[in-house]
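Step one of this worksheet: look at the structure below.
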Amino acid sequence: MALVLGIESSCDETAAALVDGERRILAQRIASQEEAHAPYGGVVPEIAARAHAERLAPLIEGTLADARLTLADCDAIAATAGPGLIGGVIVGLVTAKALAMASDKPLIAINHLEGHALSPRLADPELDFPYALLLVSGGHCQILRVSGVGQYQRLATTIDDALGEAFDKTAKILGLGYPGGPAVEALARHGDPQAVPLPRPLMRSKDPHFSFAGLKSAVLRAHDSGQYSHADIAASFQQAAIECIADRLTRALEKMDEVTALVVAGGVAANQRVRASLEVLAAGRGLRFVAPPLALCTDNAAMIAWAGIERLGQAGFVADPLDTVARPRWPLDPDAEPARGAGVKA
Ligand code: KG4
Ligand code: ZN
């Protein structure tokens, strides 16, 4: 049975995991850099790269020791090769190359988004292709049709901010610190979601793309007006964001046939109100709703190892060459049309 070592270092988590073909996570270690970035209100790429470089090797050693395994027991080394903060991606990929070379095992370069897209199948053996995926984190905001390993159709992306980024910026405006999503959710419980009139950007527009920059600016104006409590602003922001997601997903699902499940992944999947609204939306369309455990939704190495397992299991598998380059941008669906008015985010 296949056993893969996975490495993740594309943002602010340094992580390693060992996953086997029976969906067992034999060991995993994750070192968060939250504290290092907190004073700056967001991830600082240079600090992140340095932290990955310092922590990754001992973290991998520890992960192997936890499972009482060595590299010789692994069938492949899988590492995130992009998209992400390039310094961190390089650290992970170079480490994986060195380990692959030293142990004479195949290297598998994983697209971080593919890790997220396939992670629900690690948690849920019943989840078959094709399924609809809402990927909402600090860096990504996409709707994908996942048709098979390596088969991803991107139906929507954001033309400006990712949803988690909008939560983080709202938290900053309200003085709640970083990362802001959980703090906004907690404060929103004490507020009135209808108190502050806020826009729902792109609501009912034909294409299912997202936009959150206008919502964030409206939050700033509401805050600066001094008319509303912080709790009411948090609750109204969250409500507006949830209505946008539901509307955009409804539009995207019209363009997807044969899917049997709606799956959510990414850090924002931690939000209970977001989950509840997606569950209702899925039920209304006769779809299963799948939300993997939180540790698999946020950035982790088990999803990278699992994507490696899925790739290994494909007919005609070929290892990636040792001169594979790290990619700051790497669209999962290279054929997807760019969203009109979109900035540079993939
Ligand atoms: O997937 P993730 O750990 O990292 C990447 O960005 O790839 O996602 C982190 C994002 C942050 O923007 C954070 O504020 C948001 O997910 N987040 C939440 C919640 N927990 C985390 N947003 C809303 N509500 C939450 N409970
Ligand atoms: Zn991610």
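With this note's numbering as the guide, the letters of the sequence shown map in order to residues 47 to 392. For glycine and all other residues, C-beta sits at the position ideal for the given N, C-alpha and C.
Quick one: does the C-beta of residue i sit closer than 7 Å to a heavy atom of the ligand ZN?
i           : result
residue 186 : yes
residue 214 : no
residue 55  : no
residue 312 : yes
residue 78  : no
residue 165 : no
residue 193 : no
residue 162 : yes
residue 257 : no
residue 183 : yes
Quick check: residue i and residue j, are their CB atoms within less than 8 Å of each other?
i           : j           : result
residue 131 : residue 143 : no
residue 292 : residue 323 : yes
residue 173 : residue 336 : yes
residue 164 : residue 137 : no
residue 51  : residue 156 : no
residue 296 : residue 248 : no
residue 283 : residue 204 : no
residue 311 : residue 168 : no
residue 127 : residue 140 : no
residue 118 : residue 149 : yes
residue 75  : residue 61  : yes
residue 376 : residue 129 : yes
residue 161 : residue 57  : no
residue 190 : residue 198 : yes
residue 274 : residue 229 : no
residue 67  : residue 355 : yes
residue 309 : residue 166 : yes
residue 92  : residue 133 : yes
Is residue i near the ligand KG4, in the sense that its beta carbon is under 7 Å from a heavy atom of that ligand?
i           : result
residue 231 : yes
residue 344 : yes
residue 226 : yes
residue 157 : no
residue 382 : no
residue 385 : no
residue 280 : no
residue 196 : no
residue 221 : no
residue 211 : yes
residue 61  : no
residue 351 : no
residue 316 : yes
Got a sec, what are the start and stop residues for the alpha helix (DSSP H) residue i sits in?
i           : result
residue 263 : 259-271
residue 292 : 276-300
residue 378 : No alpha helix (DSSP H) contains residue 378, which DSSP labels as neither H nor E.
residue 95  : 91-112
Quick check on the DSSP output: the beta strand (DSSP E) that includes residue i runs from which residue to which?
i           : result
residue 64  : 59-66
residue 187 : 187-194
residue 49  : 49-54
residue 75  : 71-78
residue 308 : 307-311
Rounded to whole angstroms, how far is the Cβ of residue i from the Cβ of residue j, which I believe are closer than 8 Å?
i           : j           : result
residue 342 : residue 349 : 6 Å
residue 181 : residue 159 : 7 Å
residue 225 : residue 214 : 6 Å
residue 245 : residue 285 : Actually they do not touch by this definition, with Cβ atoms about 12 Å apart.
residue 77  : residue 109 : Not really, about 11 Å apart at Cβ, beyond 8 Å.
residue 90  : residue 98  : Not quite, the Cβ-Cβ distance comes to about 13 Å (not below 8 Å), so this is no contact.
residue 281 : residue 237 : 3 Å
residue 106 : residue 53  : 7 Å
residue 403 : residue 231 : It is not possible to answer for residue 403, since the shown part of the chain is limited to 47 through 392.
residue 171 : residue 69  : 6 Å
residue 333 : residue 307 : 6 Å
Those runs of the alpha helix (DSSP H) which lie wholly inside the segment 314-352 and span at least 4 residues: Runs of the alpha helix (DSSP H) inside the segment 314-352: 318-330, 340-343.
Continuous alpha helix (DSSP H) assignments of at least 4 residues falling wholly in the segment 123-152: As far as the segment 123-152 is concerned, its whole alpha helix (DSSP H) runs of at least 4 residues are 132-149.
Any beta strand (DSSP E) of 3 or more consecutive residues that is wholly inside the segment 164-230: Fully enclosed beta strand (DSSP E) runs of 3 or longer: 177-182, 187-194, 197-202.
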